[in-house]
Amino acid sequence: MSWLGPEEWQAVALSLKVSIWASLLTLPFGIFTAYALARWQFPGKQLANGLVHLPLILPPVVTGYLLLLTFGPQAGMGSFLQQFGISFAFRWTGAALAAAIMGFPLMVRAIRLSIEAVDPKLEQAAATLGANPLWVFVTVTLPLILPGVIAGAILAFAKAMGEFGATITFVSNIPGQTQTLPSAIYAFLQVPGGESAALRLVVISVGVAMAALILSEVLARRAARRLGGL
Numbered sequence: 001m002s003w004l005g006p007e008e009w010q011a012v013a014l015s016l017k018v019s020i021w022a023s024l025l026t027l028p029f030g031i032f033t034a035y036a037l038a039r040w041q042f043p044g045k046q047l048a049n050g051l052v053h054l055p056l057i058l059p060p061v062v063t064g065y066l067l068l069l070t071f072g073p074q075a076g077m078g079s080f081l082q083q084f085g086i087s088f089a090f091r092w093t094g095a096a097l098a099a100a101i102m103g104f105p106l107m108v109r110a111i112r113l114s115i116e117a118v119d120p121k122l123e124q125a126a127a128t129l130g131a132n133p134l135w136v137f138v139t140v141t142l143p144l145i146l147p148g149v150i151a152g153a154i155l156a157f158a159k160a161m162g163e164f165g166a167t168i169t170f171v172s173n174i175p176g177q178t179q180t181l182p183s184a185i186y187a188f189l190q191v192p193g194g195e196s197a198a199l200r201l202v203v204i205s206v207g208v209a210m211a212a213l214i215l216s217e218v219l220a221r222r223a224a225r226r227l228g229g230l
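Residue 24 in UniProt numbering sits at position 24 of the sequence shown, and the numbers go up by one each step.
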């Protein structure tokens with residue numbers, strides 16, 4: 001990274017920080033949501049499925065604005081959380097929240113497909129031996145879907161690295177605080193002579209995205225071979 005300037009390196013480091021936290025913190029919720037959609041039958045299941053995938057089809061700016069209305073300094077939830085020292089608007093934590101919401105549908109879909117590929121009879125066999133549902137999931141389902149879980153986390157990470165619309169709407173574009181890779185690219189393109197810096201960041205963005213896609217594809221194929229051998 002020696003060929004990056006201080007401001008560029010700052011944007012890369014912040015993007016990595018935001019993306020890692022966004023992926024790790026949403027992973028438990030992604031696994032639970034994917035399992036519920038794949039295995040459970042409950043009223044409003046289609047509505048829940050639609051809400052989970054809504055960020056994929058909504059304009060990112062709309063998602064960012066809704067986050068601002070919900071977690072902004074003057075919003076009800078935002079004011080409540082500030083009493084406990086928790087703030088999202090115009091901070092890197094808000095960028096992580098926005099990135100997590102935008103990447104969540106991709107994570108859930110990857111994990112759900114892995115769960116649906118597991119033969120329910122394997123889980124039923126473990127249950128007949130006296131294992132409770134949680135233990136069945138931990139010892140039978142989770143090992144089988146692990147490649148899908150990792151692939152989902154990687155896709156969410158890649159989406160978080162590239163998130164722009166929701167992030168800039170919710171937390172603005174403050175260098176060193178909320179300026180992620182896409183925001184930095186946009187900022188460099190707005191000033192004369194910033195094209196070279198923007199190009200360097202574009203190269204990094206493309207490299208990270210391609211690596212994530214290739215890795216997720218490899219893991220998906222490994223999961224398919226693993227389940228096919230059962």
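Idealized CB from N, CA, C, for every residue including glycine.
In the displayed model, R112 falls within a helix according to three-state DSSP.
DSSP places R91 in the coil class of the three-state scheme, outside both helix and strand.
Comparing C-alpha distances from I57 to each of P73, G78 and F104 shows the shortest one belongs to F104. Note that the C-beta distance between T180 and A11 is below 8 Å. By the Cβ rule, the stretch 78-96 counts as touching the stretch 168-177, because three or more pairs are nearer than 8 Å.
For W9, the closest C-alpha among the options V138, R200 and L54 is that of R200.
Excluding five sequence positions before and after G64, the CB atoms of its chain that fall closer than 8 Å to its own CB belong to A98, G165, A166, T167, I168, T169 and F170, given in chain order. By alpha-carbon distance to H53, the top candidate from A13, M102, G85 and V18 is M102.
Proximity to R221 across L146, P182 and I185 peaks at L146, based on C-alpha coordinates. Judged by DSSP secondary structure, N49 falls within the alpha helix (DSSP H) whose first and last residues are K45 to I57. Per the C-alpha coordinates, the member of A158, L16, A34 and A184 positioned closest to G5 is A184. For the pair G76 and S87, the Cα-to-Cα distance works out to about 12 Å. In the three-state scheme derived from DSSP, where H, G and I count as helix and E and B as strand, G148 is classed as helix. By the C-beta density criterion, K45 is exposed, having fewer than 16 other C-beta atoms within 10 angstroms. Counting only residues of its own chain and dropping the five nearest sequence neighbours on each side, G72 has a CB closer than 8 Å to the CB of G78 and A89.
Between the C-alpha atoms of L213 and A13 there is a straight-line separation of about 21 Å. In the same chain as E116, and ignoring 5 residues on each side of it, the C-beta atoms closer than 8 Å to its own belong to A38, in chain order.
Excluding residues up to 5 positions away in sequence, A212, L215 and S216 lie with their Cβ nearer than 7 Å to the Cβ of I154 in the same chain. Of the residues W3, I31, E7 and S15, the one whose Cα lies closest to the Cα of L134 is I31. The C-beta of F42 has fewer than 16 other C-beta atoms within 10 Å across all chains shown, which makes the residue exposed. For L106, the closest alpha carbon among the candidates L144, A126 and G148 is that of G148.
Restricting attention to R109, L144, E7 and A36, the CA atom closest to the CA of P55 is found in R109. At a Cβ-Cβ threshold of 8 Å, N173 and A160 do not count as neighbours.
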